[in-house]
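Beneath this line is the structure, given in structure tokens, with notes to follow.
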Amino acid sequence: MSMPAFKPEDTAMTGARPQLISVEAAKQLDAGQVKELFAAHLNPGQLHFLKLLGFDRILVDRAEGMHYITRDGRRILDFFGGFCSVAFGHNHPRIIAARQKFQDENRHEICMAFMSQYAAALAKNLATIAPGNLDMVFLGSTGSEAMEAALKVAEQAQGPAKSKILHAANSFHGKTKGVLSVTDSTLYQSQFKLVENRIKVPFGNIEAVRLALESDPAIGIVVMETIQGGGGIVEAPEGFWRELRALCDKHGVLWIADEVQCGLGRTGQFFAFERDGVVPDVTALAKALGGSKAAMGAMIARREVYMKAYGKPKTALIHAQATFGGMGEACVSAIEALNVLYDEDLMGNARRQGDYLIERLNGLRAKYPTLLKEIRGRGLMIGVEFQDISETMPFGLKHMVALLDDKLKGSLCGFVGALLLKEHDVLVAFTEYNRNVIRLEPPLIVTREQCDEFISALDEVLSRGVTGIVTGYLRKVAAAKG
Ligand SMILES: Cc1ncc(COP(=O)(O)O)c(C=O)c1O
Numbered sequence: 033m034s035m036p037a038f039k040p041e042d043t044a045m046t047g048a049r050p051q052l053i054s055v056e057a058a059k060q061l062d063a064g065q066v067k068e069l070f071a072a073h074l075n076p077g078q079l080h081f082l083k084l085l086g087f088d089r090i091l092v093d094r095a096e097g098m099h100y101i102t103r104d105g106r107r108i109l110d111f112f113g114g115f116c117s118v119a120f121g122h123n124h125p126r127i128i129a130a131r132q133k134f135q136d137e138n139r140h141e142i143c144m145a146f147m148s149q150y151a152a153a154l155a156k157n158l159a160t161i162a163p164g165n166l167d168m169v170f171l172g173s174t175g176s177e178a179m180e181a182a183l184k185v186a187e188q189a190q191g192p193a194k195s196k197i198l199h200a201a202n203s204f205h206g207k208t209k210g211v212l213s214v215t216d217s218t219l220y221q222s223q224f225k226l227v228e229n230r231i232k233v234p235f236g237n238i239e240a241v242r243l244a245l246e247s248d249p250a251i252g253i254v255v256m257e258t259i260q261g262g263g264g265i266v267e268a269p270e271g272f273w274r275e276l277r278a279l280c281d282k283h284g285v286l287w288i289a290d291e292v293q294c295g296l297g298r299t300g301q302f303f304a305f306e307r308d309g310v311v312p313d314v315t316a317l318a319k320a321l322g323g324s325k326a327a328m329g330a331m332i333a334r335r336e337v338y339m340k341a342y343g344k345p346k347t348a349l350i351h352a353q354a355t356f357g358g359m360g361e362a363c364v365s366a367i368e369a370l371n372v373l374y375d376e377d378l379m380g381n382a383r384r385q386g387d388y389l390i391e392r393l394n395g396l397r398a399k400y401p402t403l404l405k406e407i408r409g410r411g412l413m414i415g416v417e418f419q420d421i422s423e424t425m426p427f428g429l430k431h432m433v434a435l436l437d438d439k440l441k442g443s444l445c446g447f448v449g450a451l452l453l454k455e456h457d458v459l460v461a462f463t464e465y466n467r468n469v470i471r472l473e474p475p476l477i478v479t480r481e482q483c484d485e486f487i488s489a490l491d492e493v494l495s496r497g498v499t500g501i502v503t504g505y506l507r508k509v510a511a512a513k514g
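Just so you know, we're using the working numbering here: the sequence shown kicks off at 33 and counts up by one.
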């Protein structure tokens, strides 16, 4: 199809109907056309990375279960899982059916004037699942929004004299302006003015937390991911969460557990913090909550905390849900997704397949010790850490790679990921803060056979050794870079 000419004239000035792309025409766009639009109107800089990995030449038409299906008929096995947002697989039939019924019956979507039976039911389901008296729910659309709500409910409950926030090094809690201050990235924080009322400690270091709480009574909030995702699938040491709970209780501090990535059954339990038998004061979910079909985030707070912050008519609207919080079809998707999680024993599957994958990956680590450094994780949240090859890469290759992108220099992950996609139709995820870690977060429906398929593909790529992997990448992926 031919592309419409964009902005041939300023239609706002002439009043003429702007030349718009229809849904059907959008569906027909080819990879080259999408790339052009992406560069012109979305994010030209990001295209550099898509090209580097060879992702810019792939156009997905459909997605079903564990697979993306491309325009040219490739079936790509999804071990990325949208950073945990595709927990139920792509287009789960029960979630689709619930959405379809909602539409067929013309049920109401926006629930700002009237109460929503779907938002109320979803909140009740979350309160039923959450341990302790984590009973009060705020519904939003994203993880960042849920985490903003978490920080605000805690600050409002604590009051200005105890509003200082303690967060962890290498944390990721989102990129919106509030949570940005506790997202530990110089790149993301960039030139923005941050909240000054905060302190950073190393993740998982209870002595550092103890020291901070004992020396600064202004600290009233501790915020941490239960398992750090962007940090490279990093867990706190055994006993950390129980000691943190005790310290928070002793000092009157509220603990926010960010479960946006690790929650919703990913680790084999609904919340990752459940393993340690502790309950935070506030938690947040998003990503998978919308059944991999809808944008849905939730903050869940202990009843006392919520009531102290917003419990009276005078305070109720300080942080009530935004326009799209609790939309009808998104709530229906989430309600059905939670039911599917239990009906299909997806948490059991996460435990079984996760244990199996970790065992097989450790087998590969023993086979390729110069390539693989460490395998870590829980359930289907797994980090594969590669050895840093900045020192060991042959000089000639080092030079060629540096010409492509500085980021690839010491890391095998980009090469391995690109080759897995190009030659084995397998998709894996990279990691924000640790370029040597590949993240494996497949949908919770993954089968034993698909785990085997993934392991064979990785085994084949690793069997080439550093030089084979890098030259394979340069030949196959970088050569086709356009
Ligand atoms: C732990 C954690 N918190 C918060 C967020 C922010 O979620 P969102 O991208 O939906 O705003 C993310 C996203 O990756 C996350 O991993």
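Don't be surprised by glycine CBs; every beta carbon is placed ideally from N, CA and C. Bear in mind the structure is a predicted one, so any value in this text is a computation, not a measurement.
Within its own chain, the residues whose Cβ lies closer than 7 Å to the Cβ of Asn123, once the five positions on either side in sequence are excluded, are Ala95 and Glu96, listed in chain order. Arg334 is positioned such that its CB atom lies no closer than 8 Å to that of Val310. For the options Asp484, Thr208 and Thr46, the alpha carbon positioned closest to that of Leu393 is the one of Asp484.
Looking at Ala461, Thr499 and Ala450, the one whose alpha-carbon comes closest to that of Phe87 is Ala450.
Annotation for His205 indicates a beta carbon within 7 Å of some heavy atom of ligand 1. A contact is defined here as three or more CB-CB pairs under 8 Å, and the stretch 470–487 meets this definition with respect to the stretch 382–396.
The stretch 59–66 makes no contact with the stretch 412–431; the number of CB pairs closer than 8 Å stays below 3.
CA-CA distance, Gly395 to Leu286, rounds to 42 Å.
By alpha-carbon distance to Pro163, the top candidate from Asp313, Met413, Ala72 and Glu137 is Asp313.
Residue pairing by DSSP places Tyr100 opposite Ala95 and Ile108 in a beta bridge. Contact between Ala341 and Ala461 is ruled out by a C-beta separation of about 35 Å, above the 8 Å threshold. A distance criterion of 7 Å places the beta-carbon of Phe115 in contact range of ligand 1, judged by its closest non-hydrogen atom. Counting only runs of 3+ residues, the beta strand (DSSP E) found wholly inside the stretch 140–226 occupies 166–172 and 196–200, in chain order.
In terms of side-chain proximity, the C-beta atom of Gln221 is found no nearer than 7 Å to any non-hydrogen atom of ligand 1.
Annotated three-state conformation of Arg335 is helix, per DSSP.
Looking at Arg139, Met328 and Glu180, the one whose alpha-carbon comes closest to that of Phe356 is Met328.
Taking the Cα of Phe224 as reference, the smallest distance to any Cα among Lys232, Leu212, Met413 and Phe235 is reached at Leu212. By the neighbour-count criterion, in which 16 or more other beta carbons inside 10 Å mark a residue as buried, Ile350 falls on the exposed side. Listed in chain order, the beta strand (DSSP E) runs fully inside the stretch 388–415 are 404–410, counting runs of at least 3 residues.
The beta carbon of Ser213 sits no closer than 7 Å to any heavy atom of ligand 1. By the criterion of at least three beta-carbon pairs nearer than 8 Å, the stretch 256–266 is in contact with the stretch 230–243. Judged by DSSP in its simplified three-state form, Gln260 adopts strand.
The shortest C-alpha to C-alpha distance from Lys209 to any of His199, Glu180, Lys194 and Asn229 is the one to Glu180.
Thr347 has its alpha-carbon roughly 42 Å from the corresponding atom of Leu472. Remark: C-beta atoms of Ala320 and Ala186 do not approach each other more closely than 8 Å.
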